[in-house]
Amino acid sequence: MSKSNERLSHVRRRVERDIVAFGIAIAAILMFIGTGGSVLPQIMRSWLYNERGPDYLLVNALLLNIALIVFGMRRYRELLAEIEQRRQSEETAKQLAEIDPLTGCLNRRSIAPATEALIEAHKDGHGAVAFLMIDLDNFKQVNDLNGHKVGDLLLQVTAERMRSILPDGSLLSRLGGDEFACVLPFDDRSPDAIDRIADKLISTISQRHDIDGLPVETTISVGIATTATFKGQNDCGRTLSESLLHRADIAMYHAKKQGKNRHYWFETSMETELRFRNEMEAELRKGILNGEFVPYYEQQIDIESGEIVGFEMLARWHSPELGVVDPNTFIPVAEEIGLIGHLSEQLIDKALEDAKEWPQHLTLSVNISPVQMRDPWFAQKLLKQLIEHNFPPERLEIEITESCLHENMSHVRSMIASLKNQGVRISLDDFGTGYSSLAQLRSLPFDRLKIDRSFVGELNAEDANEKLINAIIALGDGLNLPITAEGIEDNKILQALRGKGKLKGQGYLYGRPEQADAVRARLLQLGLLSQSGGVRDMAGEGGDSAEDEAAEAADQQRQA
Ligand code: C2E
Ligand code: MG
Ligand code: MG
139 MSKSNERLSH
149 VRRRVERDIV
159 AFGIAIAAIL
169 MFIGTGGSVL
179 PQIMRSWLYN
189 ERGPDYLLVN
199 ALLLNIALIV
209 FGMRRYRELL
219 AEIEQRRQSE
229 ETAKQLAEID
239 PLTGCLNRRS
249 IAPATEALIE
259 AHKDGHGAVA
269 FLMIDLDNFK
279 QVNDLNGHKV
289 GDLLLQVTAE
299 RMRSILPDGS
309 LLSRLGGDEF
319 ACVLPFDDRS
329 PDAIDRIADK
339 LISTISQRHD
349 IDGLPVETTI
359 SVGIATTATF
369 KGQNDCGRTL
379 SESLLHRADI
389 AMYHAKKQGK
399 NRHYWFETSM
409 ETELRFRNEM
419 EAELRKGILN
429 GEFVPYYEQQ
439 IDIESGEIVG
449 FEMLARWHSP
459 ELGVVDPNTF
469 IPVAEEIGLI
479 GHLSEQLIDK
489 ALEDAKEWPQ
499 HLTLSVNISP
509 VQMRDPWFAQ
519 KLLKQLIEHN
529 FPPERLEIEI
539 TESCLHENMS
549 HVRSMIASLK
559 NQGVRISLDD
569 FGTGYSSLAQ
579 LRSLPFDRLK
589 IDRSFVGELN
599 AEDANEKLIN
609 AIIALGDGLN
619 LPITAEGIED
629 NKILQALRGK
639 GKLKGQGYLY
649 GRPEQADAVR
659 ARLLQLGLLS
669 QSGGVRDMAG
679 EGGDSAEDEA
689 AEAADQQRQA
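My numbering puts the sequence shown at residues 139 to 698.
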């Protein structure tokens, strides 16, 4: 028998029992009236006038009636208690099914029917409904740093703040984790009302929380979809509420991509972009397995002598589907899906093998993503790679960007220290584009600053303003940090940089990043490698500067 049939027959049996009990109670009351009506006067008369007492049979019947009535009343009270208990457990079950126990908001299951009802109620005239998808920007970090208890409290406080802002008649739901949804009706002639609410949510939630005595800061990203521009026509078989959630989710994702702590309304182009990104993600996973990522190398030159001093490894993806993809496109995707560490390891393995062939005085620079810097084992993994490839740590330079410094500073500091202890050098890449403070620059033991190419490119302008570059170089001098200028595209820039101290430089003037074979050819051409593949001792050898020779080598490659 199925569970529901079993429950049905159980209920039926109870109803039958209660009907029988009810019938017995009614019969008992009728009999009580019947027997009591004659027995009680007889009892009174026997007491008062000493007349003959009532018939014992009738007295017994009356007592039996009283017992039955008492029993009936007790059963009635039990019945009432049972009904109350059942009502309460039904209420609890309903709550559990609809409400998120942590925040008291609607849960994911119940937001859909509630949204449909709200849409239905506001579908006429200028009525519209906005669906706001809200995600906390740094919840994982708060949880990891302060523990789950603080994380839970943060979710509760956030829900409370949202509740205080939303107008009456709106819905608030926690969809799961740190994801919330607000659904609110509005007049489709004034969508700016929704903008204002989204802005208020963003500014209110970003105010510092005091949780368990701990100051906790968080921001939110908000995506908005509305029935005002979309009536749910043929949206892959989704219901209206599902479509709104889907679209708001895409807009929220877009807000995250644009730098978080902001809101965006859904636009169709976002969906196309996302589809492309998802395809790329799938391809990237395949690409890593198939080893489709190739290290390219860009020359690093001593600006005064014009000699090659090393190479920076820059990743390229040779994708059979997408062609050659540049790192600005695939690195953020690899970071997001947690594969950057794996990808970087693969590339560094290849680069260490390539660079082992080069003359020992040439360095290898590799870029490290802020996501890798969060890995507590990063330094150990890198040192293990160096040992496996038997590569001298002094020849390796790690380039980190300023955004790494916003992360946990003490963690970054200890990682830099353990790499430096082994002899690896550390450069601060793209200097000037981030927000590193002078205090940070002084407190972290960097070996080099790399001036971002946007400043170097300035030197090419008609009214070239050298003041900023001079200031950065003076800063490097003051902090005792050597400097590399990125993005030297032409001779004008090179001439402007000459005489500004002992600088290293790199840029298209010296050649585009090239693959290992081309680097080999270049080194052979420069006489830095012998034909047999061995390294030639260049000490004391004269010859043309690397610039001129490199240009020649590049020409030959182009012709080939
Ligand atoms: P970056 O480390 O600042 O590298 C310099 C970028 O500027 C390279 O772009 C290079 O090709 C380009 N460049 C060099 N000289 C010139 C020039 O004269 N003019 C102009 N306009 N551009 C020049 P690329 O290869 O597209 O790399 C972009 C960024 O991607 C790199 O910036 C680096 O931050 C990142 N990246 C590259 N490879 C890796 C990698 O293996 N791991 C990580 N985490 N990031 C990487
Ligand atoms: Mg770099
Ligand atoms: Mg750079």
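Each residue gets a CB set at the ideal place from its N, CA and C atoms; glycine is no exception.
Nearest to residue i (by Cα), restricted to the options the options
i, options, result
"Ser565", "Ile589, Ile362, Arg215", "Ile589"
"Arg591", "Glu600, Arg551, Thr622, Tyr573", "Thr622"
"Glu530", "Trp515, Leu521, His347", "Strictly speaking, residue 530 in this sequence is Pro, with Glu absent from that position. The candidate whose alpha carbon is nearest that of Pro530 is Leu521."
"Ser443", "Ser248, Ser581, Leu641", "Leu641"
"Asp350", "Val288, Cys374, Gln396", "Val288"
"Ile446", "His392, Ala489, Val657, Asp568", "Val657"
"Leu460", "Glu228, Lys424, Leu647", "Lys424"
"Arg454", "Leu195, Leu543, Ile486, His544", "Ile486"
"Gln294", "Val153, Ala420, Asp238, Leu186", "Asp238"
"Gly625", "Glu596, Val509, Gln233", "Glu596"
"Arg512", "Ala389, Pro192, Met418, Lys278", "Lys278"
"Arg246", "Val321, Asn618, Leu534, Asn608", "Val321"
"Ala252", "Glu537, Leu383, Val208", "Leu383"
"Asp221", "Ser507, Arg152, Glu298, Pro192", "For the record, residue 221 in the displayed sequence is Ile; it is not Asp. Residue Arg152 is the option with its Cα nearest to Ile221."
"Leu256", "Ile426, Glu216, Leu378, Cys374", "Leu378"
"Ile538", "Ile506, His544, Arg551, Ser548", "Ile506"
"Gly95", "Arg551, Val197, Ala165, Ile157", "No answer is possible for residue 95: it lies beyond the span of the chain, which begins at 139 and ends at 698."
"Phe449", "Leu619, Glu409, Ser548, Asp492", "Asp492"
"Pro651", "Gln437, Leu178, Ile272", "Gln437"
"Asn203", "Ile164, Ile426, Ser482", "Ile164"
Distance cut-off 6 angstroms: residue i Cβ against heavy atoms of ligand 2
i, result
"Asp601", "no"
"Asn466", "no"
"Asp567", "yes"
"Glu473", "no"
"Glu537", "yes"
"Asn505", "yes"
Neighbourhood of residue i by C-beta distance below 8 angstroms, restricted to the same chain and skipping five residues each side
i, result
"Arg415", "Val471"
"Pro583", "Ile554, Ala555, Lys558, Ile564"
"Arg327", "His264"
Contact test: residue i Cβ vs ligand 1 heavy atom, cutoff 6 angstroms
i, result
"Ala453", "yes"
"Leu485", "yes"
"Pro651", "yes"
"Ile469", "yes"
"Glu596", "no"
"Gly425", "no"
"Gly476", "no"
"Gly665", "no"
"Gly645", "yes"
"Glu254", "no"
"Glu627", "yes"
Per DSSP, the bridge partner or partners of residue i
i, result
"Val321", "Phe269, Leu309"
"Lys588", "Thr622"
"Leu274", "Ile358"
"Tyr402", "Gly361"
"Glu652", "Tyr435"
"Ile237", "Leu244"
"Asp348", "Pro353"
"Gly314", "Glu317"
"Gly717", "Beyond the ends of the chain as shown, which are 139 and 698, falls residue 717; an answer cannot be given."
Neighbourhood of residue i by C-beta distance below 7 angstroms, restricted to the same chain and skipping five residues each side
i, result
"Asp440", "Val447, Lys642"
"Val280", "Val288, Gly289, Leu292, Val354, Thr356"
"Ile724", "Residue numbering for the chain in the displayed model covers 139 to 698; residue 724 lies beyond these limits and cannot be assessed."
"Ala489", "Pro433, Met451, Leu502, Val504"
"Gly479", "Gln510, Asp513"
"Trp403", "Ile362, Ala389"
"Arg150", "none"
Beta-carbon contacts of residue i that lie in its chain and below 6 angstroms, excluding the five residues immediately before and after
i, result
"Arg312", "Asp238, Thr241, Cys243, Phe318"
"Ala159", "Arg213"
"Glu685", "At Glu685, the pLDDT of 48 sits below 50, so the modelled position is not reliable; the number obtained from the coordinates is stated separately. So the list reads Gly444, once near-sequence residues are dropped."
"Glu495", "none"
"Thr571", "Asp590"
"Phe269", "Val321, Ala363, Leu382, Ala386"
Distance cut-off 6 angstroms: residue i Cβ against heavy atoms of ligand 3
i, result
"Glu624", "yes"
Residue i at chain C interface by Cβ criterion, 7 angstroms
i, result
"Glu254", "Reference to chain C is not applicable here, since this structure consists of a single protein chain."
Discussion item. Please give me, in chain order, every unbroken run of the beta strand (DSSP E) with length at least 3 that falls completely inside the region 431-513.
Written reply: 431-440, 446-457, 461-463, 501-506
Discussion item. Extract the residue ranges of the alpha helix (DSSP H) inside the region 515-575, only unbroken runs of 4 or more that lie entirely within it.
Written reply: 516-526, 547-559
Worksheet item: Unbroken beta strand (DSSP E) runs of length 3 or more, entirely within the region 208-234: which are they?
Response: none
Worksheet entry | Runs of beta strand (DSSP E) wholly within the region 381-426 (minimum 3 residues, chain order) | 401-403
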